[in-house]
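**Q** Chains as they are written, first to last, in UniProt numbering: chain A, 1 to 128; chain B, 1 to 114; chain C, 1 to 586; chain D, 1 to 248. Think of the CB as a built atom: it goes at the ideal place given N, C-alpha and C, for glycine as much as any other residue.
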Ligand SMILES: Cc1cc2nc3c(=O)[nH]c(=O)nc-3n(C[C@H](O)[C@H](O)[C@H](O)COP(=O)(O)OP(=O)(O)OC[C@H]3O[C@@H](n4cnc5c(N)ncnc54)[C@H](O)[C@@H]3O)c2cc1C
Ligand code: SF4
Ligand code: F3S
Ligand code: FES
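1) How far does the beta strand (DSSP E) with residue 56(A) in it extend, from its first residue to its last?
2) Can you check which of these residues, 47(A), 38(A), 42(A), 53(A), is closest to residue 47(B) by C-alpha distance?
3) Under the assumption that residue 229(D) contacts residue 203(D) (Cβ atoms under 8 Å), give the Cβ distance between them as a whole number of angstroms.
4) Could you tell me if the beta carbon of residue 253(D) falls within a distance shorter than 7 Å of some heavy atom in ligand 3?
5) DSSP on residue 19(A), reduced to helix/strand/coil?
6) Give a yes or no on whether the minimum CB-CB distance between residue 201(D) and chain A is below 8 Å.
7) Classify residue 117(D) as helix, strand or coil using the three-state DSSP reduction.
8) Going by beta carbon distance, what residues of the same chain come within less than 8 Å of residue 536(C), once the five residues before and after it are set aside?
9) Name the DSSP bridge partner or partners of residue 78(D)?
10) I'd like to check one pair, residue 564(C) with residue 523(C): are the Cβ atoms closer than 8 Å?
11) Report back the beta-carbon spacing between residue 52(C) and residue 132(C) to the nearest angstrom; my notes put them in contact at under 8 Å.
12) Report the residues of the segment 209 to 231 of chain D with a CB closer than 8 Å to any CB of chain B, ordered along the chain.
13) Going by the beta-carbon positions, is the gap between residue 9(C) and residue 147(C) smaller than 8 Å?
14) Indicate, with yes or no, if ligand 3 has a heavy atom lying under 7 Å from the CB of residue 150(D).
15) For a quick check, are the C-beta atoms of residue 138(D) and residue 108(C) less than 8 Å apart?
16) Starting from the C-beta of residue 155(C), find all residues in its chain whose C-beta is less than 8 Å away, skip the five residues before and the five after it, and write them out in chain order.
17) Check whether the Cβ of residue 268(C) sits closer than 7 Å to any heavy atom of ligand 6, and report yes or no.
18) Could you say which of 221(C), 158(C), 262(C) lies nearest to residue 614(C) if we only look at CA atoms?
19) In the DSSP output, what is residue 126(C) paired with across the bridge?
20) Taking the C-alpha atoms as reference points, what is the distance between residue 113(D) and residue 179(D)?
21) Quick one: is residue 18(D) buried, meaning 16 or more other Cβ sit within 10 Å of its Cβ, or exposed?
22) Report the residues of the segment 282 to 296 of chain C with a CB closer than 8 Å to any CB of chain D, ordered along the chain.
23) Between residue 234(C) and ligand 1, is there a pair consisting of the residue's CB and a ligand heavy atom that are separated by less than 7 Å?
24) So, using beta-carbon positions, are residue 96(B) and residue 73(B) closer together than 8 Å?
25) If the cut-off is 8 Å on Cβ atoms, which residues from the segment 177 to 204 of chain D count as contacting chain C, listed in chain order?
26) Alpha carbon to alpha carbon, how far is residue 171(C) from residue 164(C)?
27) Using the DSSP secondary-structure output, state which residues sit across from residue 295(C) in a beta bridge.
28) Any beta carbon of chain D sitting closer than 8 Å to that of residue 74(A)?
29) Going by Cα to Cα distance, which pick from 312(C), 333(C), 444(C), 315(C) is closest to residue 322(C)?
30) So, are the CB atoms of residue 69(B) and residue 36(A) less than 8 Å apart?
31) Can you look up residue 168(C) in the DSSP assignment and give me helix, strand or coil?
32) Strictly under 8 Å for the Cβ-Cβ distance: is residue 238(D) near chain B by that measure?
33) Thinking residue 600(C) and residue 526(C) are a contact (beta carbons under 8 Å), I'd like their distance in whole angstroms, please.
34) Quick one: grab the DSSP three-state call for residue 61(B).
35) List the endpoints of the continuous alpha helix (DSSP H) containing residue 22(B).
Here it is as C-alpha cells:
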C-alpha cells in the first residue's frame with residue numbers, strides 16, 4: 001500500500017457526546033448503577049431483618065431522610081427507564097414466529113407492559 | 001480463537017434484566033414510600049419477616065436480589081469500559097466480587113430467618 | 001512493474017465472474033485464480049437485477065418451450081446450438097445456487113417457486129422476491145469465500161490484455177488505491193466485465209457499466225458482435241431510470257395510457273386480457289422490444305401523460321393489493337415511494353422505457369471462447385448469441401451462470417492443451433506500453449477536453465440517434481459524431497493529479513471504453529438495414545432474413561471507424577417465423 | 001416537485017499525497033428537491049471539481065458502495081434525499097474506517113471479518129444437484145430472510161461505537177450474516193461458525209447499543225440478530241458446562 005490512510009481517533013471517554021442515540025444508550029447503561037445500589041440496599045435491609053426488629057427499625061430510620069428520599073427518587077427514574085428500554089427491545093432479542101409471519105413487535109412489547117403493570121399492581125397492593 | 005467466558009455472567013445479566021424490569025420500579029416505589037413515611041404499615045418488621053420466613057418468599061427474594069445484582073454488576077462493568085476505563089479485568093473482578101458477596105449475604109440472611 | 005503470476009485471470013466479479021471463479025476452484029483446487037474487479041464483488045451490477053432467472057423446472061414446462069420462447073423472443077438472431085446448450089444447463093445451474101443457499105422464493109410445499117415473465121409461454125422464472133440478482137450475486141460471492149485458491153484483486157481496473165504468440169497471456173490492471181500498474185501473467189483470461197448501458201444517459205445500469213470488458217477484447221482484436229441491439233426496458237422510473245421489474249407485470253400490473261386504455265392491444269399484443277389475470281406472452285407479458293416500441297407510438301400519438309420528467313405511460317398495480325405487493329414486489333414499492341414519492345398500492349406509477357441491456361458483446365462461440373486462443377468471455381459483456389435481437393427477461397441471470405461456468409471449463413481445457421512457454425520479455429514490453437499509455441493520459445497538461453464534457457456529448461448523441469427507433473440519417477450522424485469524439489479524446493486532460501484513488505482517471509478510461517463500444521453500436525446499426533427485435537429502423541421497417549439473418553461483427557481500428565463483417569446465424573431446428581404475441585385466441 | 005435550491009455542500013477532503021489531515025471544502029450546488037445527496041456529489045464531480053473521489057454505482061440503494069456520514073449520520077448517499085435536509089449538508093467518509101482519500105474509506109477490515117464467519121451454506125447433508133432442491137417452506141425461509149438483505153454497506157459499523165472503540169470487534173453485519181446461515185433450515189455449520197462468533201472479539205463485544213439497526217438501510221436489524229446469537233451462545237455454554245453429557 002503506497003497510500004497513507006488517515007485514521008480518525010475516537011475519544012475513549014467522551015465518544016458518547018457525539019450522537020443523541022449514544023447518550024440514550026449511556027443513560028440506559030447507567031441505570032445499572034442505581035439498580036445495583038438499590039439492590040445492595042435491599043441486601044443490607046435483609047440482613048438487618050435477619051438481625052431482629054431493632055436492627056430493622058434502625059435500618060428504616062436511616063432510610064428516612066432527605067437523602068434516602070432523593071436516592072429513591074433517582075433510582076425510581078432509573079428503574080423505570082431501564083424497564084422501558086428493556087421491554088422495547090425484547091422483540092429484537094426474542095422474536096416470535098408464527099407460521100410465515102413474525103408476531104408484530106408492538107404486540108410483544110405491549111404484552112410486556114401489561115405484565116409489568118399487573119406485577120407492579122400486585123406488589124403494590126401486597127406492600128400497602 | 002479463544003471462546004469468551006462472558007456467557008456465564010451474560011445469562012444472569014439477561015435474566016436479571018428481565019426481572020428488574022418487571023419488579024424493581026415498584027420495589028423502589030415502595031421503598032420511597034417508606035422513606036417518606038407514607039405508608040407506615042408497609043415496612044413493618046412483622047409482615048416482611050413473615051414473607052421471608054416462608055420458603056416461597058425466600059426463593060422470590062433470593063431470585064430477585066441476586067439476579068438484580070448480577071445484572072447490575074455485569075452492565076456496570078461494560079459501562080465502566082464505555083466511560084473509558086480500560087482495566088476491564090480489574091473492574092470485572094471487583095464488581096463480580098461485590099455481586100458474589102451480596103449473593104452470599106442474601107443467602108445467609110434468608111437462612112437465618114425462620 | 002509488479003508481476004503477478006497466476007493460472008487463470010478473471011476480469012469482473014459480478015455474477016459471471018464469480019461463477020467462473022467457483023467453477024475453476026471446484027474443478028482443480030491447485031489452480032491459481034486471480035479474480036480482478038474494479039469494485040468489490042458485491043457492488044457488481046448483478047446486484048440490481050430484480051425479477052429472476054429462467055430455467056425449466058416444473059413438470060408442465062419443457063426444454064423445447066424454453067427454446068422456442070428464447071429463439072422467437074430473439075427474433076431468430078440467436079445461435080440455436082448455443083440456446084440449446086443454455087436451456088439444458090439452466091436448471092442445473094439454478095439448482096446449484098439453491099444448494100449454495102440462495103434464498104429462492106418457495107411454494108407452500110417447500111419446492112422452488114416460479115413466476116411468469118415477459119415473452120415466456122409458461123411460468124419458469126425462479127425468483128427471490130424482487131431481489132433475485134442481489135441474492136444470486138451475494139450467494140455467489142459468499143460461496144466464493146470458501147475457496148482459498150480464489151485470490152481476489154478488488155478495486156483493480158483492467159486496462160489492456162496481453163496477447164503474444166497468438167494467444168492471450170494475461171493483462172495489465174491498475175491498482176486503484178495506489179495508482180500502480182500491475183502485470184498479471186496468466187495462461188488464460190476470462191472477461192466477465194458486464195454491460196455498457198452507460199453509453200446512454202437514461203439507463204437502469206449502474207455507474208460501473210461502461211463496457212470496459214468489451215473494449216478490452218475489442219482492442220485486442222476480438223470482434224464485437226451484434227452491438228446494435230440495445231434493449232430498452234419498458235418500465236423505468238421517469239426521473240432517474242430506476243427499473244421496475246418485469247415482475248410487476250408478471251404479477252398482474254397493467255400498462256395504460258393517459259385515457260386509461262390498455263394500449264398494448266393496439267400494437268398486436270391484444271386482445272385485452274382481464275385485469276389482474278395476466279396471460280403469458282400477451283399484452284403486458286409481451287417482449288420488451290415490442291412494449292418499448294408501443295410506448296414510442298403512443299408518444300407520437302399524444303397518448304402519453306406528461307410529467308416533469310418527460311412523457312410517460314402508467315403502470316397500474318393497485319388491483320394487486322397491498323399484501324401481494326408487499327410479498328412479491330417489496331423492493332418495487334420501496335423504490336416508488338422513496339424515489340418518486342408515489343405508492344403503487346394507491347396510485348398508478350408513471351414510467352417510460354429505459355436503456356437496460358446489451359444483447360451484443362464480445363464475440364464468442366458456444367464454448368465461451370473468443371477467436372483469440374486463451375481468451376474467454378461470459379456474461380453481459382459477451383455475445384454467445386443466446387439473446388439474439390432481443391433478450392427475454394430473466395434469461396440473462398441464468399446466462400451468467402451457465403456461460404460463467406462454461407468459460408471456466410473451456411479455460412481449463414485450454415491450459416491443459418499443452419501451451420508453449422511464454423516470452424516474458426515480450427509480455428513485459430506490452431505491459432510497459434500499457435503503462436505508458438496511461439501515464440501519458442495522466443501526465444497530459446495542455447488538453448482542452450474534459451471527461452464530463454465528452455461523456456455528455458456521447459450520451460446525447462446515442463440517445464438522439466440510436467434510441468428505440470432509428471433512421472439511416474440519424475445513425476450516420478451518430479457514427480460521425482462518435483468518431484469525432486474518439487478523436488477529441490486525444491485532447492483530454494485530467495484535473496486530478498493524485499495517484500491514490502483517482503476517479504477522474506478511472507472515468508477517463510471508462511469513457512474511452514464507452515466511446516469504442518458506442519461506435520460499434522452506431523456503425524452496426526447504420527449498416528443493418530432492417531428492423532429486427534430491439535433494432536427498429538423507420539426507413540427499413542421489415543425484417544430482412546434474406547440479407548440480415550446474420551450477426552454483425554465489428555473490428556476495432558485505433559483511428560478509423562470499425563470494419564464490419566457478417567457471420568451466419570446458426571439455425572438447427574427453428575426456422576425464422578412470425579413473432580406472435582397476440583394471445584391464444586386470434 | 002422539481003424546484004431548485006442552492007445547497008452548501010460541505011465535503012471532507014483528504015489527499016494522502018498532499019494533506020497531513022482532512023479538511024472541509026464547501027461547494028455551492030443547485031439541487032433539485034427530488035435529488036439525493038449522491039446526485040449533488042455527482043454534480044460537483046461533473047461541473048465543479050473533478051478531483052472529488054467517492055464510491056458509488058447503482059443509485060438504487062442495493063450495491064452498498066455509497067455509505068457516507070451525512071450531517072453526522074451514516075447514510076447511503078443514494079438514499080439521502082435533499083428535501084430532508086436544510087440548505088447546509090455536510091458529507092464525510094464513514095466513521096470508524098480509515099480514510100483512503102476524500103470520501104473513500106479503507107474497508108479491508110470489514111471484508112476480512114465478514115469472510116471469517118464462514119458466510120456460506122454448510123449443508124447438513126450432501127446432496128447431488130440431480131436430486132433436486134433442499135425443501136424449504138416459506139415459513140422456514142421467513143426465519144432468516146431478513147438477514148439475507150444485508151448489502152454490506154457498513155453503515156452499521158460506522159454507527160456502532162463498540163466497533164469504533166474496539167476495532168477487533170467482528171461487528172454487526174458479519175455476525176448477522178453468520179446468524180442468517182445458522183437460521184437456514186438447510187445449514188448445519190453453526191458449530192464451525194461459533195468458533196469465531198463466540199470468541200472474545202465476537203458477539204460479546206456488542207453491548208446492544210442498537211445504533212446499527214437504527215441506521216441499517218435494509219432493515220436487517222443486526223442488533224436483534226446479535227442478541228439472538230448471544231442467547232444461543234449462552235445456552236451453548238450452560239449446556240456444555242452444566243450438562244456435559246448433552247454434548248454430542
Ligand atoms: C436494474 C437491472 C435489472 C435486471 N434484472 C434482470 C432480471 O430480472 N433477470 C435477468 O435475467 N437479468 C436482469 N438484468 C440483467 C442482468 O442483471 C445483467 O445482465 C447481469 O447482471 C450482468 O452480469 P455480469 O456478471 O455480466 O456483469 P456485472 O454484474 O455488471 O459485473 C461486472 C463486473 O466486471 C467488473 N469490471 C468491469 N470493468 C472492469 C475493469 N475495467 N477492470 C476490472 N473489473 C471490471 C466489475 O467490477 C464487476 O465486478 C437486469 C439488469 C439491470 C441493470
Ligand atoms: S446490516 Fe444493514 S447497515 Fe449493516 S452492512 Fe448490512 S445492510 Fe448495511
Ligand atoms: S450498535 Fe454495536 S454494540 Fe451491538 S447492537 Fe449494534 S453491534
Ligand atoms: S450507489 Fe449503490 S447503494 Fe448507493
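**A** In this structure, then:
1) No beta strand (DSSP E) contains residue 56(A), which is instead part of the alpha helix (DSSP H) from 53 to 63.
2) 53(A)
3) 5 Å
4) A query on residue 253(D) cannot be resolved here, the shown segment of chain D reaching from 1 to 248 and no further.
5) coil
6) no
7) coil
8) 289, 293, 468, 469, 470
9) Note: residue 78(D) sits in no beta bridge, so no partner.
10) yes
11) 4 Å
12) 230, 231
13) no
14) no
15) yes
16) 37, 38, 39, 40, 175, 176, 177
17) This structure does not include ligand 6; its bound ligands are ligand 1, ligand 2, ligand 3 and ligand 4.
18) This structure gives no information on residue 614(C), because the portion of chain C shown stretches from 1 to 586.
19) 53(C), 114(C)
20) 14 Å
21) exposed
22) none
23) no
24) yes
25) 177, 181, 184, 186, 187
26) 11 Å
27) Beta-bridge pairing links residue 295(C) to no other residue.
28) no
29) 333(C)
30) yes
31) strand
32) yes
33) No information on residue 600(C) is available, as it lies outside the stretch 1 to 586 that chain C covers here.
34) helix
35) 6 to 35
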